[in-house]
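Novice: Under the working numbering, read the sequence shown as residues 552 to 777, first letter to last. All C-beta atoms in this analysis are idealised placements derived from N, C-alpha and C, irrespective of residue type, glycine included.
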Amino acid sequence: MLVKVVVLTGAGISAESGLATFRDADGLWQGHSIDDVATPEAFVREPATVHRFYDARRRELRSATPNPAHLALARLEQVLGDDLLVVTQNVDDLHERAGSRRVVHMHGELLSALCEGCQGRFVWDDDLAGAPACPGCGNTMLRPDVVWFGEMPYDMDLIERALLEADLFVAIGTSGAVYPAAGFVRMAALAGAKTLELNLDSSETSHLFDDSRQGPAGTIVPEWVA
Ligand code: BJW
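#1: Do Phe573 and the ligand BJW come close, with the Cβ less than 7 Å from some heavy atom?
#2: Go through its chain and collect everything with a Cβ distance to Leu679's Cβ below 7 Å, but skip five positions before and after it.
#3: Can you tell me whether DSSP reads Glu748 as helix, strand or coil?
#4: Could you tell me whether the region 617-630 touches the region 558-571, where touching means 3 or more Cβ pairs closer than 8 Å?
#5: Where do the N-terminal and C-terminal ends of the alpha helix (DSSP H) with Pro499 fall, by residue?
#6: Do Leu749 and Val721 have their CB atoms nearer than 8 Å?
#7: Quick one: what's got a C-beta closer than 6 Å to Arg648's C-beta in the same chain, skipping five residues either side?
#8: Check Gly734 in the structure and name its three-state DSSP category.
#9: Taking the straight line between their C-alpha atoms, what separation do you get for Thr639 and Gly650?
#10: Looking at the structure shown, is Ala680 part of a helix, part of a strand, or coil, going by DSSP?
#11: Take every Cβ of the region 652-664, pair it with every Cβ of the region 579-586, and state whether three or more of those distances are shorter than 8 Å.
#12: Buried or exposed, going by whether 16 or more other CB atoms sit within 10 Å of the CB of Leu741?
#13: Using DSSP's beta-bridge definition, name the partner residues of Glu660.
#14: Does any heavy atom of the ligand BJW sit closer than 7 Å to the C-beta of Phe700?
#15: Output the boundary residues of the beta strand (DSSP E) element that contains Thr639.
#16: Suppose you measure from the CA of Thr590 to the CA of Arg596; what does that come to, to the nearest Å?
#17: Along the alpha helix (DSSP H) that carries Arg712, what are the first and last residues, could you check?
#18: Looking only at its chain, what residues have a beta carbon closer than 8 Å to the beta carbon of Met707, apart from the 5 residues adjacent to it on each side?
#19: In whole angstroms, give me the CA-to-CA distance for Asp676 and Arg609.
#20: Please tell me whether Val554 and Leu714 are closer than 8 Å, where the distance is taken between their beta carbons.
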């Protein structure tokens, strides 16, 4: 019998594709902490710095490719179909490029721009600093379509419904430092799901999982899927 599986991914799954995580190494970008570049307050205070951070990551994403962990999840979707939902905290598009179709980007997407004037969204794969005005309303205050601290993550209703129905919850490459994603393991377990963590090392929430396996995602995710 097929089981309903919810997979939560974090920056660790894209590390072997060459994209930096948030809290490994010194956790800094050009001397700035994540709080300096990933809050609405930072964008009001220093929009140019915030744009430089996201423009640099958009450029890095262009040369990144999916790794064996993304590919393994796409293969799993071919087996489970609609019974697999990937909820990613990542703003990259590597799951989609690997072939996954049922992906929820709870922290938004790097290749989307959001207009603070009309709340319109449009595909944007170039630098946002100096970008043209919003095609919808002409406003020039465009921002990356991502979820910063203090903002509500996207699609929470859909995610919570999937967690309540899941037979298995798997977290891959996430430190468990940021809520509400860090609370998903408790929610799924309380609703009766088995829980599995696949991470390079122990995370802040490892103790909450039924099983926690350590190693690089590019190795341990394909092993789990096989
Ligand atoms: C590998 C690997 C390899 C490496 N293989 N693994 C106190 C208590 C509870 C909550 C709060 C609190 N104070 C404030 C809050 C709320 C706040 C929060 O959680 N703050 C914490 C700092 C405590 N959260 C929010 O504000 C959120 N909104 C919210 O809560 O709204 C209210 C609400 C209420 C009720 C329900 C729902 C909502 C919004 C959070 C937005 C986070 N935004 C960011 C930026 C997104 C845009 C961008 O990408 O720039 O999201 S911050 C950043 O952290 C990014 C990530 O998605 C997120 C999580 O990071 P992640 O993915 O876990 O990465 P790392 O670097 O932390 O970890 C990588 C892991 O991979 C490590 O464990 C490595 O070991 C591992 N790894 N290489 C496998 N090769």
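Specialist: For this structure:
#1: Here residue 573 refers to the residue found at position 22 of the sequence shown. Yes, Cβ of Phe573 sits closer than 7 Å to a heavy atom of the ligand BJW.
#2: Numbered from 1 along the sequence shown, position 128 holds the residue referred to as residue 679. So the qualifying residues of the chain are His602, Tyr605, Asp606, Ala664, Leu693, Pro695.
#3: Here residue 748 refers to the residue found at position 197 when the sequence shown is read from its first residue. Three-state DSSP puts Glu748 in a strand.
#4: yes
#5: The structure shown does not extend to residue 499, since the chain is modelled only from 552 through 777, so no value can be given for it.
#6: Residue mapping note: residue 749 aligns to position 198 of the sequence shown, counting from 1. Residue mapping note: residue 721 aligns to position 170 of the sequence shown, counting from 1. Contact flag set, yes.
#7: To locate residue 648, count along the sequence shown from 1; it is residue 97. Cβ within range, chain order: Pro617.
#8: Translated into the one-based positions of the sequence shown, residue 734 becomes position 183. Here Gly734 sits in helix by DSSP.
#9: Working through the sequence shown from its first residue, we reach residue 639 at position 88. Working through the sequence shown from its first residue, we reach residue 650 at position 99. Computed Cα separation, rounded: 14 Å.
#10: Along the sequence shown, read from residue 1 onward, the residue named residue 680 stands at position 129. If DSSP states are grouped into helix, strand and coil, Ala680 belongs with coil.
#11: no
#12: Taking the sequence shown and counting its residues from 1, the one referred to as residue 741 is at position 190. Exposed: under 16 other Cβ atoms inside 10 Å.
#13: Taking the first residue of the sequence shown as position 1, residue 660 is located at position 109. Per DSSP, Asp696.
#14: Residue 700 sits at position 149 when you count from the first residue of the sequence shown. Indeed, a heavy atom of the ligand BJW lies less than 7 Å from the Cβ.
#15: For this step, residue 639 is matched to residue 88 along the sequence shown. Unbroken beta strand (DSSP E) run through Thr639: 635-639.
#16: For this step, residue 590 is matched to residue 39 along the sequence shown. For this step, residue 596 is matched to residue 45 along the sequence shown. If I take the Cα positions, the gap works out to 10 Å.
#17: Numbered from 1 along the sequence shown, position 161 holds the residue referred to as residue 712. It spans 707-716 - the alpha helix (DSSP H) in which Arg712 sits, taken as one unbroken run.
#18: For the purposes of this step, residue 707 is taken as the residue at position 156 of the sequence shown. If we look at Met707 and ignore the five residues flanking it on each side, its Cβ neighbours are Met657, Pro731.
#19: On the sequence shown, residue 676 is found 125 positions in, with the first residue counted as 1. On the sequence shown, residue 609 is found 58 positions in, with the first residue counted as 1. If I take the Cα positions, the gap works out to 7 Å.
#20: The residue given as residue 554 occupies position 3 in the sequence shown. The residue given as residue 714 occupies position 163 in the sequence shown. Not in contact: Val554 and Leu714 (Cβ atoms no closer than 8 Å).
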